[in-house]
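Numbering (my numbering), first residue to last: 189 to 604. A virtual CB, placed ideally from N, CA and C, is assigned to each residue, including glycine. This structure is a prediction, so every number in the text was calculated from the model and none was measured.
So this is what it looks like as C-alpha cells:
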C-alpha cells in the first residue's frame with residue numbers, strides 16, 4: 189500500500205530538523221497524550237473489573253448462590269428440603285442457616301453491631317471464603333452451645349484470641365413483667381478467620397446451628413436454606429426445579445443477582461461512565477494529532493509543491509501524511525498498551541511504593557472492604573481500547589492528509 193519512497197518521506201517529516209522543532213514537540217505531546225489515554229483506560233477498567241470480581245467472589249463465597257425463605261412461615265422441614273435439593277442437577281450444596289442481627293461486646297467493654305449466623309460444620313465447609321482462611325483455632329471445634337468463630341477484624345477490635353469470651357446481645361430482648369430485658373449470652377472463641385473483606389471480618393460471626401436457634405428462639409426452624417450451584421450466572425433452571433419439587437409449600441426464592449441488584453447496577457453504571465469519561469482523553473489526544481498534522485502540512489507546503497512538480501501524485505502525498513500521522517497514533521497506542529498492562533501487573537507493588545514515599549495510606553480496607561487493590565485484565569476490553577485508539581488516530585490524520593493532497597503546487601511556488 190505504501191511504497192519505499194512514501195515511507196522514507198514520511199519518516200523524514202517526523203524527524204525534526206533545525207527550525208522545525210516546534211512541530212516535532214507537538215507531535216511528541218500528541219504521542220504521549222494517546223499513550224496516557226490508552227494506559228489510563230486499561231488501568232481503570234482493569235481495576236473496576238477486579239473490584240467487581242473480588243467483591244462478587246467474597247459475597248458468593250459467604251452467602252451462596254440461591255436463598256430459599258419461607259413465605260409467611262418458618263422453614264421447619266429444612267433437613268428434608270436440603271437433602272432433596274442436593275439431588276437437583278447442577279446443585280453442589282444446600283444447607284440451612286439460622287441468622288439474626290446482634291450487638292457484640294468484648295470482655296474489656298465496647299460494642300459493635302453485626303450478624304450472627306448459625307450453620308452446620310458441613311455447611312461451613314461449603315463456604316471457602318471462611319473455611320479456607322482460618323488464621324487461628326479450628327472450625328472443627330465449632331460444636332456445643334457456647335462455641336463461636338469470629339473474623340480477624342472483630343478479634344483485633346476487641347483484642348480477642350482463641351479461648352477469649354465474647355457476648356452477643358439480642359436487640360429485641362425478652363419480655364418480662366418489668367419490661368423488656370436484653371437477651372445476653374456469652375460464647376468462647378474457637379476459631380478466627382480472615383476473608384480479606386473488612387466488612388465481613390469485622391461484623392460476621394458463626395455459631396453451631398442449634399446454638400443459634402436457641403439464641404434467636406427459632407428452635408425447630410431455620411431462617412433460610414442456602415444453595416450453591418455450578419454456574420451462578422445460569423441458575424434459573426435450578427430455581428424452577430426447586431419450585432417444582434415443593435409445589436404445595438409457599439417459598440420465596442432469591443438468587444445472588446436479586447440480593448445484590450443495587451450493587452451490580454451501581455458497578456455497571458460507574459464502569460460505563462468512567463469508560464466514557466476516560467475515552468475523552470484519547471479524543472483530546474487525537475485532536476492534538478490533527479493540530480500537529482495541520483501545522484506540519486502548512487510547514488511543508490513548499491516541499492509538497494516540489495514533490496508534485498517532480499511527479500508525485502496527490503494520492504502519494506495523501507499517503508505520506510497519512511503514514512506520518514498514523515505513526516504517532518500507533519506508537520502512542522503501543523506505549524500506552526505496554527504501560528497499562530505493566531501497571532496492572534505491578535499495581536499493588538506500585539501502591540506500596542507510593543505509600544512508603546508519601547507516608548499516606550492510599551487504599552484503606554476499612555473504606556474499600558478489600559485488603560489489596562485488585563486489577564483483572566479483560567483482554568477483550570484491552571483489544572477494544574487499542575482498536576478504538578488506532579481508529580481515532582487514523583481518523584485524526586484524514587483531514588490534514590486530504591488538505592496536503594489538495595495543495596496546488598503552482599500557487600504555492602508562485603507565492604514563495
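Query, Result
"By DSSP's criteria, residue 286 is part of a beta bridge. Which residues make up the other side?", "306"
"Nearest-angstrom Cα distance between residue 227 and residue 391?", "38 Å"
"Buried or exposed for residue 579, going by 16 or more other Cβ atoms inside 10 Å?", "exposed"
"Could you give the residue range of the alpha helix (DSSP H) that holds residue 588?", "567 to 593"
"Just mark residue 503 as buried or exposed, buried being the case when its beta carbon has 16 or more other beta carbons within 10 Å.", "exposed"
"Is it right to say residue 431 is buried, meaning 16 or more other beta carbons lie within 10 angstroms of its own, or is it exposed?", "exposed"
"Given this structure, state the Cα-to-Cα distance separating residue 249 from residue 480, to the nearest angstrom.", "53 Å"
"Please say whether residue 417 and residue 278 have beta carbons closer to each other than 7 Å?", "yes"
"Taking the DSSP output, what are the residues bridged to residue 356?", "292 and 373"
"Cβ atoms of residue 383 and residue 321: under 7 Å apart, would you say?", "yes"
"For the candidate residues 314, 324, 388 and 357, whose alpha-carbon lies nearest to that of residue 415?", "314"
"Three-state secondary structure (DSSP) at residue 396?", "strand"
"Secondary structure at residue 278, three-state DSSP: helix, strand or coil?", "coil"
"Please list the terminal residues of the continuous beta strand (DSSP E) segment that includes residue 530.", "Careful: residue 530 lies outside any beta strand (DSSP E), inside the alpha helix (DSSP H) at 502 to 533."
"Quick one: residues in its chain with C-beta nearer than 8 Å to the C-beta of residue 330, no 5 flanking neighbours on either side, listed in chain order?", "309, 312, 336, 337, 378, 379, 394, 395 and 396"
"Contact check, residue 581 vs residue 516 under 8 Å by CB: the rounded distance?", "7 Å"
"If we ignore side chains and look at the alpha-carbon of each, how far apart do residue 243 and residue 284 end up?", "24 Å"
"If contacts are defined as beta-carbon pairs under 8 Å, then residue 356 and residue 345 qualify, I think. What distance do you get, rounded to the angstrom?", "Contact flag wrong, Cβ pair sits at about 15 Å."
"Would you mind sorting residue 546 into buried or exposed? The rule is 16 or more other CB atoms within 10 Å of its CB.", "exposed"
"Would the region 463 to 480 count as touching the region 282 to 300 if we require 3 or more Cβ pairs under 8 Å?", "no"
"If you count every other CB in all the chains shown that lies within 10 Å of the CB of residue 419, and 16 or more means buried, which is it?", "exposed"
"Terminal residues of the continuous beta strand (DSSP E) containing residue 443?", "439 to 443"
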